[in-house]
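Chains A and B supply the protein sequences, listed in that same order. Per full-length UniProt numbering, residue 1 is the first one in the first sequence, and the count goes up by one each step. Per full-length UniProt numbering, residue 1 is the first one in the second sequence, and the count goes up by one each step. Glycine is no exception: its CB is placed at the ideal position from the N, C-alpha and C atoms.
There are 2 protein chains.
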Amino acid sequence: MSYYNFSEENSPVAEDEHYMRLALQEAQKAYDSEEIPIGAIVVCKGRIVGRGHNLTEQLNDVTAHAEMQAFTAASQTLGGKYLKDCTLYVTIEPCVMCAGASYWTQIGRLVYGATEPKRGFTSKNSQLLHPKTELVGGVLATECGALMTRFFANKRG
Amino acid sequence: MSYYNFSEENSPVAEDEHYMRLALQEAQKAYDSEEIPIGAIVVCKGRIVGRGHNLTEQLNDVTAHAEMQAFTAASQTLGGKYLKDCTLYVTIEPCVMCAGASYWTQIGRLVYGATEPKRGFTSKNSQLLHPKTELVGGVLATECGALMTRFFANKRG
């Protein structure tokens, strides 16, 4: 007789939180460079295949969002255009552009931290993702949102 | 007494068609490289500041659409992130990702050739553009669409 040994370490929630903490490390890199602090990683079968953080100021390019960097990096790492077996972890709900990019990648799962009521894609049309993409929101939402709040408070201060 | 000397050369329609022909030249480059033949240019005050054609196969990156290349190139040329005084000419109606990117650029005008009923952004939500972006569709639609039809006919053949 065997038992399923449930532990926090291997639960899906713990796994998502683990990877979201790595996305938060990416967001912190953006913060440290005075970029809007959003970070993303792409995970494929337990392996990190892409990372990215917001680089819009440094690259002088409004399309240089964390998710775009992470998607492009993942495609290069895997040598294939599609990310069907991958999960994107991103600290803030993606915008329309990044949701549209995720459609083309056919990413398997999209997990975000804090919601973005103003620019998040779900406020425009929650059907923008690929029909096979599973969407999960609210993972470490407080930590992810707090970094943004701190950034903008410092900017105003 | 003065008359407004209308001539085809300086009409807004003729100007749009002129630039759309240049976007079609970009699309032809994609066609010649066996990429889905979509081309784009960004024009600012009569000057071409960005060009791009679809490079998804060559770059192994599903986000490498013509519009994304053209936006990034235009920002580099102008040395500013925003494209408020610019017009994007693109041979095919943009997808959600590229419409979302255009939002961030705050582009002044977006002019496309043929409509894209399946993947075009207007089929999802025509409110994805920046509120200040003027949208014009159907410029040289027949020529723009014909290049796509020829490409996919050859692929199937």
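Could you work out which residue in the options is closest to residue i when comparing CA atoms only?
i, options, result
"V90/B", "Y103/B, P12/B, Y19/B", "Y19/B"
"residue 217/A", "L59/A, Q58/A, T105/A", "Nothing in the structure corresponds to residue 217/A, since chain A is present only between 1 and 157."
"T63/B", "L83/A, N60/A, N125/A", "L83/A"
"A23/A", "L128/A, C144/A, G108/A", "C144/A"
"H130/A", "S11/A, Q28/A, L110/A, A153/A", "L110/A"
"F152/A", "D61/A, T77/A, A30/A, V136/A", "A30/A"
"R21/B", "P12/B, S11/B, A40/B", "A40/B"
"P12/A", "V136/A, R150/A, T149/A", "V136/A"
Please work out which residues of its chain come closer than 7 Å, Cβ to Cβ, to residue i, disregarding the five sequence neighbours upstream and downstream, and give them in chain order.
i, result
"A101/A", "E67, M68, F71"
"C98/A", "H65, E67, M68"
"Q58/B", "S33, E35"
"S7/A", "Because S7/A sits at a pLDDT of 47, beneath the cut-off of 50, its placement in the model cannot be relied upon, and the point is left open."
Please list, in chain order, all residues of the same chain as residue i whose beta carbon is under 6 Å from its beta carbon, the five residues on each side excluded.
i, result
"S75/B", "K81"
"E93/A", "Y112, T115, E116, G120"
"I36/A", "N54"
"C44/B", "D85, C86"
"K155/B", "none"
"Y4/B", "With a pLDDT of only 40 at Y4/B, under the threshold of 50, the placement of this residue in the model should not be trusted, and no figure is reported."
Nearest-angstrom Cα distance between residue i and residue j?
i, j, result
"V139/B", "G52/B", "18 Å"
"T56/A", "V96/A", "16 Å"
"L88/B", "A14/A", "45 Å"
"Y103/B", "Q127/B", "10 Å"
"K132/A", "I107/B", "32 Å"
"G79/B", "G46/B", "17 Å"
"T149/A", "R150/B", "51 Å"
"K118/A", "T77/A", "33 Å"
"S2/A", "N60/A", "Interpretation of S2/A is limited by its pLDDT of 36, a score under 50 that renders its predicted location unreliable; no figure is taken from the coordinates."
Count the other CB atoms within 10 Å of the CB of residue i; is the residue buried (16 or more) or exposed (fewer)?
i, result
"D16/A", "buried"
"D32/A", "exposed"
"V49/A", "buried"
"E134/A", "exposed"
"V42/A", "buried"
"E34/B", "exposed"
"K124/A", "buried"
"T122/B", "buried"
At a CB-CB cut-off below 8 Å, which residues of chain B make contact with residue i?
i, result
"Q58/A", "What Q58/A touches in chain B: nothing, since even the nearest Cβ is about 11 Å away."
"Q76/A", "N60, D61"
Under 7 Å between beta-carbons, which chain B residues line up against residue i? List them in chain order, please.
i, result
"M68/A", "T63"
"N125/A", "K124, N125"
For a contact meaning CB atoms closer than 9 Å, what does residue i contact in chain B?
i, result
"G39/A", "Ordered by position in chain B, no residue passes the 9 Å Cβ test against G39/A, which lies about 18 Å from the chain."
"C95/A", "G100, Y103, W104"
Sorted by chain position, which residues of the same chain lie with C-beta nearer than 8 Å to residue i's C-beta, five sequence neighbours on each side aside?
i, result
"A141/A", "G113, A114, T115"
"L147/A", "L24, A27, Q28, Y31, P37, T91"
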